[in-house]
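Asks: For the sequence shown, the working numbering gives the first residue as 26, with consecutive numbering after it. Cβ atoms here follow ideal geometry from the backbone N, Cα and C, with glycine treated the same way. Quick caveat, the model's predicted, so the values are computed rather than measured. To start, I am sharing the structure in question, which I have written as structure tokens.
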Amino acid sequence: MSSVDRMDPRALEVARACKGFLDEEEGMRLHDLARACAPIGPIVEIGSYCGKSSVYVGAGTKAGGGTLVCVDHHRGNEEQQPGELYHDPDLYDPEQGAMDSLRIIRRTLRDAGLEDTALLLVASSTAAARLVTVPLGMVFIDGGHSFEAAQTDYQRWAGKVAHGGILAIHDLFPNPDEGGQAPITIYRQAIASELFDELPRTKTLGVLRRR
Ligand code: MG
26 MSSVDRMDPR ALEVARACKG FLDEEEGMRL HDLARACAPI GPIVEIGSYC GKSSVYVGAG
86 TKAGGGTLVC VDHHRGNEEQ QPGELYHDPD LYDPEQGAMD SLRIIRRTLR DAGLEDTALL
146 LVASSTAAAR LVTVPLGMVF IDGGHSFEAA QTDYQRWAGK VAHGGILAIH DLFPNPDEGG
206 QAPITIYRQA IASELFDELP RTKTLGVLRR R
């Protein structure tokens with residue numbers, strides 16, 4: 026089945042045009058996982074930025090009859106600050122002296138027809154985790170890539186995945202020459218916890234099912 030047949034075509038068009046760092050094959054995998062997991066419980070995404078992945082996950086969640094919570098403080102991660110490798114000057118607000126991706130993601134979700142089912146939680150991962158206490162259908166971790174940020178996301182969120190639900194982690198690079206090691210470190214921790222079974226990966230997207 027082609028992507029267009031699997032996903033709402035309007036949402037797919039928005040996802041393709043949106044700024045961000047997600048391969049379409051990874052996006053479609055997230056879409057399908059979210060659709061399958063939506064009946065289990067709410068879906069949570071950690072690190073939404075401009076909403077590219079939120080649209081794939083959100084369209085899948087909507088198709089499955091569920092709700093997505095997009096967690097991000099919208100101040101950019103450590104690699105997106107001025108002077109850093111992934112800094113985008115379009116997202117810098119000189120009046121606030123800070124990054125601000127919130128206005129972009131609002132428009133992204135509106136354009137994709139997801140305003141009613143993909144909810145924005147403008148908060149740090151830690152603050153958001155205090156509010157979310159129901160078992161989750163899926164958690165997708167794609168937040169800060171420092172060891173500290175990834176560790177926080179893992180510690181705060183992995184335990185919230187419902188039995189049978191999915192923990193997905195983006196940016197796994199088994200070869201350290203190809204990318205940062207924080208995401209794959211928490212992926213390995215999740216396997217070592219014996220709480221999850223490994224499912225096939227899609228490119229750099231790791232997928233684990235809660236036992
Ligand atoms: Mg990523």
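(1) Could you pull the start and end residues of the alpha helix (DSSP H) that G189 belongs to?
(2) On the DSSP letters alone, give me the boundaries of the beta strand (DSSP E) that P225 sits inside.
(3) How is L230 classed by DSSP in three states: helix, strand or coil?
(4) Does any heavy atom of the ligand MG sit closer than 6 Å to the C-beta of H195?
(5) Determine, using beta-carbon pairs with one atom in the segment 139-151 and one in the segment 93-108, whether at least three such pairs fall under 8 Å.
(6) Taking the Cβ atom as the reference point for each residue, do Y74 and S126 lie within a distance shorter than 7 Å?
(7) Need the endpoints of the alpha helix (DSSP H) that L20 sits in, please.
(8) Is R213 near the ligand FAD - that is, is its Cβ less than 6 Å away from at least one heavy atom of it?
(9) So which of G204, I166, I68 has the shortest CA-CA distance to G90?
(10) Please confirm whether A40 and K77 have their CB atoms less than 7 Å apart.
(11) Can you give, in chain order, each stretch of the alpha helix (DSSP H) that sits fully within the segment 46-123 and has at least 4 residues?
(12) Span of the alpha helix (DSSP H) holding L156?
(13) With distances taken Cα to Cα, identify the nearest neighbour of S150 among K44, Y179, P160, L161.
(14) Nearest to G72 by CA position, among A36, V29, S27, I194, is which residue?
(15) Got a sec, what are the start and stop residues for the beta strand (DSSP E) F165 sits in?
(16) Spatial neighbours of Y117 within its chain, please: C-beta separation below 7 Å, excluding the five flanking residues on both sides.
(17) Can you tell me which of the three DSSP states R128 falls into?
(18) Let me know if K185 comes out buried or exposed under the rule of 16 or more other beta-carbons within 10 Å of its beta-carbon.
(19) Kindly indicate which residue of R54, Y111, A84 has the alpha-carbon position closest to the one of K44.
(20) Between E219, A42, F221, P225, which lies nearest to I129 when the distance is taken from Cα to Cα?
(21) Are the Cβ atoms of F165 and A207 separated by less than 7 Å?
(22) Sorry if obvious, but does the Cβ on D167 come closer than 6 Å to a heavy atom of the ligand MG?
Replies: On the basis of the supplied data:
(1) Per DSSP, G189 belongs to no alpha helix (DSSP H); it is in the beta strand (DSSP E), 186-194.
(2) From DSSP, the beta strand (DSSP E) with P225 extends over 221-227.
(3) In the three-state scheme derived from DSSP, where H, G and I count as helix and E and B as strand, L230 is classed as strand.
(4) Yes, since a heavy atom of the ligand MG falls inside the 6 Å radius drawn around the Cβ of H195.
(5) The segment 139-151 makes contact with the segment 93-108; the number of CB pairs closer than 8 Å reaches 3 or more.
(6) Against a cut-off of 7 Å, the Cβ pair of S126 and Y74 comes out as a contact.
(7) Since the first residue shown for the chain is 26 and the last is 236, residue 20 is missing from the structure and cannot be characterised.
(8) With respect to the ligand FAD, the structure shown offers nothing to examine, as its ligands consist of the ligand MG.
(9) Looking only at G204, I166, I68, the smallest Cα-Cα distance to G90 is reached by I68.
(10) It is a contact, given that the beta carbons lie within the stated cut-off.
(11) Positions of the alpha helix (DSSP H) runs, each at least 4 residues long and wholly inside the segment 46-123, are given as 49-62, 77-88 in order along the chain.
(12) Residues 150-156.
(13) The shortest Cα separation from S150 among K44, Y179, P160, L161 belongs to Y179.
(14) Nearest option by C-alpha distance: I194.
(15) Start and end: 161-166.
(16) If you ignore the 5 residues before and after Y117, its C-beta comes within less than 7 Å of the C-beta of P107, M124, all in its own chain and listed in chain order.
(17) DSSP places R128 in helix when its eight states are reduced to three.
(18) That one is buried.
(19) The shortest Cα separation from K44 among R54, Y111, A84 belongs to Y111.
(20) Among E219, A42, F221, P225, the Cα nearest to that of I129 is on A42.
(21) In this structure, A207 does not lie closer than 7 Å to F165 by Cβ.
(22) Indeed, a heavy atom of the ligand MG lies less than 6 Å from the Cβ.
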